[in-house]
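Novice: Going down the list, the sequences are from chains A and B.
Our numbering applies: residue 14 is where the first sequence begins, and numbers increase by one.
Our numbering applies: residue 14 is where the second sequence begins, and numbers increase by one.
Where a beta carbon is used, it is the ideal one built from N, C-alpha and C, also for glycine.
Number of protein chains: 2
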Amino acid sequence: MNYQKLLEQIHKKKSFLCVGLDSDINKIPQFLRENINPILDFNKAIIDATAPYVVAYKLNTAFYEVLGYEGWLQLQSTINYIKFNHPDILVIADAKRGDIGNTSYQYAKAFFEIMDADAVTVAPYMGKDSVEPFLKYKDKWIIILNLTSNESASDLQTLHIEENGDLVYEHMLKKALEWGATCNKSMFVVGATKAESLMFVRKIVPDHFLLIPGIGAQSGSLEEVAKYGFNEYCGLIVNNSRGIIFASNEKDFPKVAREKALEMQQKMEEILRKNFII
Amino acid sequence: MNYQKLLEQIHKKKSFLCVGLDSDINKIPQFLRENINPILDFNKAIIDATAPYVVAYKLNTAFYEVLGYEGWLQLQSTINYIKFNHPDILVIADAKRGDIGNTSYQYAKAFFEIMDADAVTVAPYMGKDSVEPFLKYKDKWIIILNLTSNESASDLQTLHIEENGDLVYEHMLKKALEWGATCNKSMFVVGATKAESLMFVRKIVPDHFLLIPGIGAQSGSLEEVAKYGFNEYCGLIVNNSRGIIFASNEKDFPKVAREKALEMQQKMEEILRKNFII
């Protein structure tokens, strides 16, 4: 999916919502757990219920890997299901991979060619080598961890680099631009709990999409995020996982998930209008 | 596997060699590629041939994930094979994961409980949250990326932190100690191409094991690494992948891998003796 198509989706659905399929086997409704493919069945129901309101699904690989190869199979099947039924929705593999040289190419191939995800999250600790192979794919996206929503982001990301005075996350943004991470093939993860920092991020990458986790369970505010993070085209994809997918534990879980997604979409529509984006 | 047992293995085998099972489907001998489980068959042959000379096997997950869920199955089967036949050898899942909170716990569970690896590599960009869940397991190891062997490590790892004057990798070592990454449950990845930097690493973590990639294909020198990296108990695990597992492409590949592993072991024995470690 390219930049233009993503913008079209945002306009069409009046939404910049990403639903995180963090489909923890211990949190999905009890009655599904005895199924042969419980996570896949859960995901299908959530996808069918929420697709009209979302522009992206994000699959956190940890929740699939914890089920061994059967989990991996359900991860792949979920992606196939989205691609077949909702080809206009961006599929993000939230894998936070990051390796070098030949290994990095293998990861790019694994997620973009074999799994056919549209986007994959990558950690930049090892520098350019861990990012570059992902940039070679047309209409695929690398989403680079930048300023994360967790408390211990301060262990590294918000310290200063002596050589240039930048904060580490600012430095990493500038580096990414040097590496060729243009706005039509790369995004950055910026936590919603750091809404004001979005201003500083926007100074360096005005046109890039930012993937914002931390709305809902991690209690960031959508209004704050839009205030500091919007660019003239929107430029945000905001993720919510638990607040939607685990909103009910009963048979009505797809219906309740749908209501929660709709609620988010309506908030987003209001904010998009207020900012004259739609 | 605990610290003491790892030391015993080093003494018994007179080796600190790790063989990297970077078993690229495009590089294993042609005649194996039509097998139902080509990677598993390749790995078993390499393991049977080299086990007497190695203290650890490192499985780089990228080369398995690129084969989809069947790759994941062969990854798991390889680990099962090592654990059953060579329970004294450390199994490292070179996964370079790194996430936060609940997700980080899922990764720890996936690799330590489900996959039953002894150790897993983790990227520290997100700070304490991405490391802590792995420290809660007894006799399991987290191996934290610190100073990697690739050129673009200089994009971040070898810059200075303004707040304390440390290089980023030094800062991350000190942070890890604060997080409780003691030497009986954590190691650090330090590239062999940066042998002199091992001196600075050793000042901060004198007792920890260091996992050293970059010998062989990436052309680090074993003598240099030992000179700057040894502590009185050895304290190093040195990895070689391609130089051993792909030393021959023919039917004789296990025999040639055995010879290459033996050659490395003999060099290591000599260096261990010279340094009065054995």
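(1) Whole angstroms is fine: what's the gap from Glu176 of chain B's alpha carbon to Arg255 of chain A's?
(2) I need the boundaries of the beta strand (DSSP E) containing Ile155 of chain A, first residue and last residue.
(3) What does the alpha-carbon distance come out to for the pair Thr161 of chain A and Lys141 of chain B?
(4) What does Gly33 of chain A pair with, by DSSP beta-bridge criteria?
(5) Against chain A, with Cβ distances strictly below 8 Å, would Met277 of chain B count as a contact?
(6) Going by Cα to Cα distance, which pick from A:Phe222, A:Ser167 and A:Thr195 is closest to Ile250 of chain A?
(7) For Val214 of chain B, does the three-state DSSP call read helix, strand or coil?
(8) Less than 7 Å between C-beta atoms, sequence neighbours within five positions excluded: which residues of the same chain meet that for Ala270 of chain A?
(9) Rounded to whole angstroms, what is the Cα-Cα separation between Tyr66 of chain B and Leu19 of chain B?
(10) If you drop the 5 nearest sequence neighbours on each side, which residues of the same chain put their C-beta closer than 6 Å to that of Glu109 of chain A?
(11) Looking at the C-beta of Leu20 of chain A, does it have a partner C-beta in chain B at a distance below 8 Å?
(12) Using beta carbons (cut-off 8 Å, strictly below), is Ala69 of chain A in contact with chain B?
(13) How far does the alpha helix (DSSP H) with Met185 of chain B in it extend, from its first residue to its last?
(14) Rounded to the nearest angstrom, how far is the Cβ of Val202 of chain A from that of Pro219 of chain A, given a contact under 8 Å?
(15) Flag Tyr138 of chain B as yes if its beta-carbon sits less than 8 Å from any beta-carbon of chain A, otherwise no.
(16) Got a sec: which bits of the stretch 104–126 of chain A sit with their beta carbon under 7 Å from any beta carbon on chain B, in order along the chain?
(17) Please name the residue in B:Asp37, B:Tyr138, B:Ala75 and B:Thr74 whose C-alpha comes closest to that of Val181 of chain B.
(18) Hey, how far is the Cα of Glu245 of chain B from the Cα of Ile290 of chain B?
(19) Thinking C-alpha only, which one of A:Val144, A:Ser117, A:Val238 and A:Ile49 is nearest Trp192 of chain A?
(20) Whole-angstrom Cβ separation of Gln119 of chain A and Phe76 of chain B, contact assumed at under 8 Å?
(21) Residues of chain A with CB under 7 Å from Ala75 of chain B, in chain order?
(22) For a contact defined as C-beta to C-beta under 7 Å, what are the partners of Lys141 of chain B on chain A?
(23) Name the chain B residues that come within less than 8 Å of Met11 of chain A, Cβ to Cβ?
(24) With a threshold of 8 Å between beta-carbons, can Glu209 of chain A be considered close to chain B, or not?
(25) Assuming Leu235 of chain A and Ile284 of chain A make a contact with CB atoms under 8 Å, what is their CB distance in whole Å?
(26) Nearest by alpha-carbon distance to Met185 of chain A: which of A:Met277, A:Asn159, A:Phe44 and A:Lys216 is it?
(27) Quick one: Cα of Glu78 of chain A to Cα of Asn288 of chain B, how far?
(28) For Thr134 of chain A, report the span of its beta strand (DSSP E) as first-last.
(29) In terms of DSSP beta bridges, what is Leu249 of chain B paired with?
(30) Please look up how many angstroms separate the CB atoms of Ala130 of chain B and Ile92 of chain B, rounded, as I've assumed it's under 8 Å.
(31) Of all the options B:His99, B:Ala123, B:Asp152 and B:Tyr94, which has the alpha carbon lying nearest to the alpha carbon of Tyr16 of chain B?
(32) I need the boundaries of the alpha helix (DSSP H) containing Lys26 of chain A, first residue and last residue.
(33) For Glu209 of chain A and Tyr241 of chain A, which I take to be in contact (beta-carbon distance under 8 Å), what is that distance rounded to the nearest angstrom?
(34) Would you say Thr195 of chain B lies against chain A (beta-carbon separation less than 8 Å)?
(35) Within 10 angstroms of the Cβ of Met14 of chain A, are there 16 or more other Cβ atoms? Answer buried if so, exposed if not.
(36) Give me the residue from B:Asn163, B:Glu183, B:Ile95 and B:Lys273 with the minimum Cα distance to Ala205 of chain B.
Specialist: In this structure, then:
(1) 37 Å
(2) Trp154 to Leu160
(3) 12 Å
(4) A:Lys71
(5) no
(6) A:Phe222
(7) helix
(8) Ile59, Ala62, Thr63, Ile257, Ile258 and Ala260
(9) 14 Å
(10) Reading the sequence as shown, one finds Lys at residue 109 of chain A and not Glu. The answer, listed in chain order, is Thr134 and Ala136.
(11) no
(12) no
(13) Val181 to Glu191
(14) Not a contact, Cβ separation roughly 17 Å.
(15) yes
(16) Lys109, Arg110, Gly111, Asp112, Ile113, Gly114, Thr116, Gln119, Tyr120, Lys122 and Ala123
(17) B:Tyr138
(18) 7 Å
(19) A:Val144
(20) 6 Å
(21) Asp112, Thr116, Gln119, Tyr120 and Ala123
(22) Ser165 and Asp168
(23) Residue 11 of chain A lies beyond the stretch modelled for chain A, which goes from 14 to 291, so this question has no answer here.
(24) no
(25) 7 Å
(26) A:Asn159
(27) 42 Å
(28) Ala132 to Val135
(29) B:Leu223
(30) 6 Å
(31) B:Asp152
(32) Tyr16 to Lys26
(33) 6 Å
(34) no
(35) buried
(36) B:Asn163
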